[in-house]
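Student: The sequence shown runs 12 to 59 under our numbering.
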Amino acid sequence: EPGGAVGLAALLAGHIRPMPGATSCAVLSGGNIDAATFNDCLAQYPAP
Numbered sequence: 012e013p014g015g016a017v018g019l020a021a022l023l024a025g026h027i028r029p030m031p032g033a034t035s036c037a038v039l040s041g042g043n044i045d046a047a048t049f050n051d052c053l054a055q056y057p058a059p
């Protein structure tokens, strides 16, 4: 789904500038993922 890449596109185009020295993350997701699967994916990584 093209809309799922909007965050990455904004970063690459320079419309969003990450804070210097900070870690940035762009979530690439379309509307075809259910909430349970999304939560399972997030649970694999520690909270910031």
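By construction, the Cβ of each residue, glycine as well, lies at the ideal position given by its N, Cα and C atoms.
#1: Along the chain, where does the alpha helix (DSSP H) that runs through Gly18 open and close?
#2: Relative to the C-alpha of Thr34, which residue among Cys52, Leu22 and Phe49 is closest?
#3: Report the residue from Pro29, Met30, Val38 and Pro31 whose alpha carbon sits nearest the alpha carbon of Val17.
Tutor: Quick answer:
#1: Segment Val17 to Ala24, the alpha helix (DSSP H) holding Gly18.
#2: Of Cys52, Leu22 and Phe49, the smallest CA-CA separation from Thr34 is found for Leu22.
#3: When only C-alpha atoms are compared, the closest one is Val38.
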